[in-house]
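Heads up, the thing below is written out as structure tokens.
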Amino acid sequence: MSYYRYHALICCNQRANGESCCNDHGASELLDYAKAKVKAAGVAGPGQVRVNKSGCLGRCDQGPVMVIYPEATWYTFVDKEDIDEIIEEHLLHGRVVERLKID
Numbered sequence: 179m180s181y182y183r184y185h186a187l188i189c190c191n192q193r194a195n196g197e198s199c200c201n202d203h204g205a206s207e208l209l210d211y212a213k214a215k216v217k218a219a220g221v222a223g224p225g226q227v228r229v230n231k232s233g234c235l236g237r238c239d240q241g242p243v244m245v246i247y248p249e250a251t252w253y254t255f256v257d258k259e260d261i262d263e264i265i266e267e268h269l270l271h272g273r274v275v276e277r278l279k280i281d
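No gaps in the numbering here: position 17 of the sequence shown is 195 in the numbering used here, and each next residue is one more.
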């Protein structure tokens, strides 16, 4: 069994020279929001859910992005409502949010 049921990595990379990056789209603020929501839902910690800041995940043109393991499901998101939906559907109920999923 995995140490966490779900491990969500949110790219917070900041690129120089005006190159597109997830942090230009509010990724760091939404990371903090996601961590707080998971904690408030009572599902943070070993055997449950871990939300982490990540460096570049190589998909900046689709950013901001997050990947959830163990399934390796990739999402893009733009606001707190998208984060709420990912947490509620995927992290709490194991259902992929198709409208936000990227391949």
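All residues carry an ideal CB built from backbone N, CA and C; glycine is no exception.
When the Cα atoms are used, S232 and V216 turn out to be separated by approximately 17 angstroms. Rounded to the nearest angstrom, the Cβ distance from Y253 to L278 is 5 angstroms, consistent with a contact under 8 angstroms. Uninterrupted beta strand (DSSP E) stretches at least 3 residues long and entirely within the stretch 203 to 261 occur at 227 to 232, 243 to 247, 251 to 254, given in chain order. Rounded to the nearest whole angstrom, the C-alpha separation of I246 and Y211 is 16 angstroms. Secondary structure note for Y184: its beta strand (DSSP E) is the uninterrupted segment 184 to 189.
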